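This report concerns only the one structure given below.
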Amino acid sequence: MRWRVLRFLYHFSMKLSIICLLATALTAVGAPPIEELKGSLVIVGGGKLPDVVREKFVALAGKSNAKIVVIPTASASADKPEEAESYLKDWKKLNPASVVLLHTRDRKVADTDEFVKPITEATAVWFSGGDQARVTKAYLGTKTEKAFRDLLARGGTLGGTSAGAALMSDPMITGGTTTATSDTGFGFLPGFITDQHFLKRKRQGRLKGLLEKNPGLVGLGVDESTAVIVSGRTLEVLGDSTATVYLTPGAGQQWLEQSLKSKQKADLFQLRRAAANRAAKEPFPPVKPGKPVVERGALVIIGGGGTTSEIMNRFFALAGGKDALIVAVPTASETASAASEDRFLKQWGAKNVKVLHTRDRKTADDPEFSKVLLEAKGVWFGGGRQWRFIDAYENTLTAKRFREVLDRGGVIGGSSAGASIQSEYMPRGHPLGNLQIAAEGYEKGFGYLPGCAVDQHFFAKRRDRDMTGLMKRHPQFLGIGIDEATAIVVQGSTAEVLGHGVVAIYDAAAANQSPDYLSLKAGAKYDLATRKTIK
């Protein structure tokens, strides 16, 4: 009876926390509702464990320094002492520092410091196959479960096969081949539902059925002799077969079913954001985006690959002169060098530059961190990958203060990633690469230029066909392709072209022309609201 009460309370608190996280995520496809994993997960679909997967687990655990704890509790035969060596022998062959067996079905024992001590000293824990409910019944809500989480938090590795894969998520899938039920799992991989023996036992239907009851979560089906390795924010498949990712219908999209082969990767944040967006009451992109008008202030949007004195002088003039306070934001860059962004602006004549950078969203919500923006006359977004701006600042106090610079008549400028982040629709936001123009979950920019989708390095990287495809999918937006060393300066609804190259304007209403865009050179002006050239 006591176990049932404890389990109910634990189940309730876990579900409440997940609801709160999803509520945050669903509000506006906002900040990723999970942080990067500090440790690693090895999620195996059952069947024969490939040598490459076993070796990967031991490598993550520390190779010859690995201290592995094996949990056989899912198996009905785990209570038999004579079976103990069978769970350990294959791990011992790889010569880790130690391999020990840890098992009980007594929750009181599982709640003692003595029992959990091997886990506190371990670098990895392995969950063997069987019935996942036996594991959660024994350990959920005890000191043993806390020890699992502490190990992961200190950079350790948790792995498991079959039942050991299913228990990684919460909800934890149970039931037959076609009809799924759920129980409370450990939730080591938040936002996902994991299933095992996936293709071998034809379990696609049961996973999709459980996802329908849990919109906003990502389905992950792992086939036999296959593993999913999760480290940081990256998911990578390893082994003989495939892992399948599912997203439920929503946001105008049908079921997503993506099969990943060995060595292929996916980004956890992108999948979580896409799933949350599909379940949101007001998903993105909207059917009717904002009107392409900058009500106050100005935007200087550069296509990357360099700039010109004319463009930079216009930026400074809109800020109030070269003495005006400019806040530079280098966060899109992998290295995010404050010195280089400061040096870049000063080489063009800026006298008063402050650099603002963090990847910590808590810091971005600290009033003291972004205090400098309260006096800024301009903001400069540097180049790199625009998804880093989203991860760091979306829906934070810092993002609010970026907007306030514009609202009080200042200027926002940026190049490359700093260009695309300014539009309502943000092209090329996928964290794993910039080859795809549309990255579900990372499509929403900061929206300083409503109703538009701005792409950069446009003709230099031959991106015109990509924009054609994007406009077919989302004709409600105005597509703007900006070439290198070229910019548009936007005030009100007027976009003026500066620089050496060309700006392409894509209007779906005029898509029958060839080419399917309007080409504008330096000096040209275009009314974004009426979609007409200004003569």
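Add 6 to a position in the sequence shown, counting from 1, and you land on the number used in our numbering.
The beta carbon of each residue, even a glycine, is placed where N, CA and C say it ideally should be.
Treat the numbers as computed from the prediction; the structure is a model and nothing was measured.
Look at the region 64-134 and you find these whole runs of alpha helix (DSSP H), each 4 residues long or longer: 90-98, 113-116 and 119-126. Residues of the same chain with a CB within less than 7 Å of the CB of residue 497, apart from the 5 flanking positions on each side, are 300 and 304 in chain order.
Around the CB of residue 263, fewer than 16 other CB atoms lie within 10 Å, so the residue is classed as exposed. Residue 87 and residue 291 have their alpha carbons spaced roughly 58 Å apart. Rounded to the nearest angstrom, the gap between the Cα atoms of residue 96 and residue 139 is 25 Å. Nearest to residue 289 by C-alpha distance, out of 259, 313 and 129, is 259.
Bridge partners of residue 232 according to DSSP: 245. Listed in chain order, the non-local C-beta contacts of residue 238 below 7 Å within the same chain comprise 42 and 43, local neighbours out to five positions each way being set aside. In the structure shown, residue 47 falls within a strand segment according to DSSP collapsed to helix, strand and coil. Taking 8 Å as the cut-off, the Cβ atoms of residue 67 and residue 163 count as close. In this chain, the beta strand (DSSP E) harbouring residue 271 covers 271-273. Nearest to residue 315 by alpha-carbon distance, out of 506, 225 and 436, is 506. Along the region 270-339, the beta strand (DSSP E) occurs as fully enclosed runs of 3 or more residues at 271-273, 300-308 and 331-335, listed in sequence order. The three-state reading of DSSP puts residue 378 in helix, counting H, G and I together. Residue 429 holds the alpha-carbon nearest to the alpha-carbon of residue 454 among 461, 429, 476 and 439. Between residue 105 and the set 202, 77, 46 and 285, the nearest pair of CA atoms involves 77. Across the set 70, 130 and 424, the C-alpha of 130 shows the shortest separation from the C-alpha of residue 47. Ranked by how close their Cα comes to the Cα of residue 296, the residues 81, 464, 91 and 456 have 456 in first place. Here the alpha carbon of residue 369 sits roughly 22 Å from the alpha carbon of residue 420. Measuring C-alpha to C-alpha distances from residue 404 to each of 173, 172, 335 and 189 identifies 335 as the nearest. Beyond the five residues adjoining it in sequence on each side, residue 533 comes within less than 7 Å, by CB distance, of 499, 500 and 540 in the same chain, given in chain order. The beta-carbon separation of residue 236 and residue 249, rounded to 11 Å, does not stay under the 8 Å limit for a contact. The beta carbon of residue 525 sits closer than 7 Å to those of 508 and 510, all from its chain and outside the five residues before and after it, given in chain order.
Put simply, the backbone Cα of residue 82 is about 50 Å away from that of residue 402.
Per DSSP, reduced to three states, the secondary structure at residue 205 is coil, with no helix or strand assignment.
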